[in-house]
Every structure is written in C-alpha cells, then in structure tokens.
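Taking it in order: structure first as structure tokens, then the write-up.
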Amino acid sequence: MVESKSVSLRGKNILGLEYFSPDEIELVLQTAKEMKNIISRDIKKVPALRGKAIVNLFYEPSTRTRSSFELAGKYLGADVINITAGSSSIVKGESLRDTLLTVEDMGVDAIVMRHKAEGAPEYATKVVKAAIVNAGDGAHGHPSQGLLDLFTIRQYKGGFKGLKCAIIGDILHSRVARSDIWGMRKMGIEVHLAGPRTLIPRFLFEEKGIFIHDRIEDAIENADVINVLRIQLERQKSGLFPSTREYARIFGLNEKRLTLAKKDVLVMHPGPMNKGWEISPKVAYSSNSAIQEQVRNGVAVRMAILTLILTGGKSNEITA
Ligand code: NCD
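Okay, structure coming up:
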C-alpha cells in the first residue's frame, strides 16, 4: 500500500479531477495497481468493503462504467445494487432529491451517480451523507475515466512528464475530455486538442500546456498518446458538423494519419466507439490500441476509488 502520511481520500466525494492534487491522483494510481493484481487472481474477492453498501444510480445509459463499478464493489466484498432511470420510480416522476433520500434511508455508504445535468453529483452531496462518486455528469466530468486513462498511459509509457497526448473530436460535449485534460495537465502531460471548430470551446482551454489545432494532422504529429472521442450525436443540438462521412474524412483516425504519430503511439478511446466515423476499425484493433486494456483497467481503478473513499485503503484490509 502507498506510504502516505498526508494524502487520504477517506470520506471524500469524487466529483471531478479538477479538485484532485497530483498526490491524490498518485494515491489512486498506486492503489489501482494493487487492485489489478487482485483481479488477475483466480479468486478475485477480497473483504476490503465487506459490510458496505453501494448504489449505482444511473440516469443515463452506460455499459462499461456501470458494470465496472458494480464488479469493483463486488470484488471488494460490498453489497452493490443498481438503479437505472428506465426501471425505477424515476419514470413515475420522483425527483432526484427524493430518490437520493430514499436510497440513503436504506443505509448506503456510497452512491455512484451518472446524470445528464452538470453538477448533479455535487447537488447530491448536499442532500445525503453517503459518499458521492461522479460517474459522468453531462459534459462536465467523468473522473474515474480520467484516472483510468492516466493509469493506462503509465502502464505503457512508464510515466507522464513530457508526453504529448492528442485528444481528438467532440471536446465540447465530452466529459471524458475535460477529466483527461485536468488529470493530464496535473501530471505533466502536454495536451493537443483537435476537432471541428464548432466542437472546441477555445476559451475554456487557453492555458499553459494545452494547444488547439484545426487539423488533426497537426495535433497527432509526434504524439505519444492519441485519445479519440466518440461523436456524441445524442448531445448535439444540430448542424455542428456536416455529416458523419465528412467528419470521418477530415477528423477520423485512420491508418494513414496514425503514421504521423510516434511509432509506439498509444491509441485510446473511452468507448462506445462509432467505428468508421471517429476511428477506423483497423486502428481500433491495431497493436497500438489500448482500448481493451482501458476496459480492464477500469475495474481496478474503480476498486481503488471505492476502497480509498470508504476505508482510506489500509493494506491489511485490501490484501487479506
Ligand atoms: C463515456 C461517457 O459516457 O462519458 N463513455 C464511458 O464512460 N466509457 C464516453 C462517451 O459516451 O462517449
């Protein structure tokens, strides 16, 4: 376990990576490494969170994030239940506040929450005492994704300082982009953004260490990491780019463009992918791709987050 006297996430809400210090990020990444060892074992269960109850409260669709938080809780011995908007009293018009209070009355220790409104998890911290973990709020943040992306980068690259990472696509609607940018900058990665001008809110990113390009080619030139974002059709009002075919032609990551980056460039995508639009199938399944490893790492990083906020992460509890 990480020897750290001053850094602890015990009792903290995980709302966004902008609130993390580099030491706190380090603590999660170190803990996730131990968790990854646990999930590579034949018997994956440890009793670190035995007796704890966790609710996944999801108001938006999810495959990876919801199931990895669920598995994370279960591998740690917690009781985990899922509440999804479509199959709960939310469809009967129950307010977010009432749903949160109902869940709290059942005695839960943590609520992992996804919501279409930015700030909904922060609001939840004012309603209930349980620890809140933001699993994606509108276009604001997706901290566990940002942390698993950092974990994946370090696994392949050995460190962070001085790396060049290109983030390509729909930055405007992407909570993943925001969390990645906050996390990467804190750890010393240089960030290059590219996408249609209508999908890059420039004023938000005019900061040291962040570069904005109109052409994807300029962003990926010599890159160590390329993170491709999904075109979020469900969040777009209208007309922010002409067509998916044109998007693929101008901004899609294909084999030809990939040659502009470093030979050992790491290709990432948070999923779900629109293959053939933002990324070609050949690139998605190439030897440069870490996309499946990101999914594996997602479970370990979420185990780390849950353990750290609910127990502080004492080593005897984890490895027992
Ligand atoms: C992302 C999300 O929902 O924010 N997916 C994920 O969590 N793996 C990205 C996306 O939907 O494009």
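Heads up, the sequence shown is in the UniProt record's numbering, so the first residue is 1 and it goes up one at a time. Note that the Cβ used here is the ideal one computed from N, Cα and C, for glycine as well.
Does the pairing of the segment 87-105 with the segment 113-129 give three or more beta-carbon distances under 8 Å? Counting C-beta pairs with one atom in each stretch, the segment 87-105 and the segment 113-129 have three or more that are closer than 8 Å, which means they touch.
Rounded to the nearest angstrom, what separates proline 22 and lysine 92 at their Cα positions? For the purposes of this step, residue 22 is taken as the residue at position 22 of the sequence shown. For the purposes of this step, residue 92 is taken as the residue at position 92 of the sequence shown. The alpha-carbon atoms of proline 22 and lysine 92 are separated by roughly 43 Å.
Cβ pair leucine 163, alanine 177 closer than 9 Å: One-based indexing of the sequence shown puts residue 163 at position 163. One-based indexing of the sequence shown puts residue 177 at position 177. Result no, Cβ atoms of leucine 163 and alanine 177 do not sit closer than 9 Å.
Three-state secondary structure (DSSP) of asparagine 254: Working through the sequence shown from its first residue, we reach residue 254 at position 254. Asparagine 254: coil per DSSP, three-state reduction.
Pull up the DSSP beta-bridge partners for isoleucine 216, would you. In the sequence shown, the residue the question calls residue 216 occupies position 216. Partner(s): none; isoleucine 216 has no beta bridge.
Buried or exposed: which applies to proline 196, given that a residue is buried once 16 or more other Cβ atoms fall within 10 Å of its Cβ? Counting from one through the sequence shown, the residue named residue 196 turns up at place 196. Counting every other CB atom within 10 Å of its CB across the protein chains shown gives proline 196 a total of 16 or more, marking it as buried.
Quick one: is residue 398 buried, meaning 16 or more other Cβ sit within 10 Å of its Cβ, or exposed? In this structure the chain extends from 1 to 320, so residue 398 is not present and cannot be described.
For serine 315, does the three-state DSSP call read helix, strand or coil? Your numbering for residue 315 matches position 315 in the sequence shown. Low per-residue confidence applies at serine 315: pLDDT is 48, beneath 50, and the placement is therefore not dependable, though the value from the model is reported in the following sentence. Serine 315: helix per DSSP, three-state reduction.
For the ligand NCD, any of its heavy atoms closer than 8 Å to the Cβ of valine 176? Within the sequence shown, the letter at position 176 stands for residue 176. Between the ligand NCD and valine 176, a heavy atom-to-CB distance of less than 8 Å is present.
Can you list, in chain order, the residues of its chain whose CB lies under 7 Å from that of aspartate 180, leaving out five sequence neighbours each side? Counted from its first residue, the sequence shown places residue 180 at position 180. Cβ neighbours of aspartate 180 within its own chain (closer than 7 Å, five residues either side excluded): Gly146, Asp149, Ile167 and Asn227.
Cβ-heavy atom distance, glycine 276 to the ligand NCD, below 8 Å: Along the sequence shown, one-based indexing puts residue 276 at 276. No, the ligand NCD has no heavy atom inside 8 Å of this Cβ.
Are the segment 11-28 and the segment 56-72 touching, with three or more C-beta to C-beta distances below 8 Å? Result no; under three Cβ-Cβ pairs closer than 8 Å.
Please confirm whether any heavy atom of the ligand MN lies closer than 8 Å to the CB of histidine 142. Annotation note on the ligand MN: not contained in the displayed structure, which lists the ligand NCD as its ligands.
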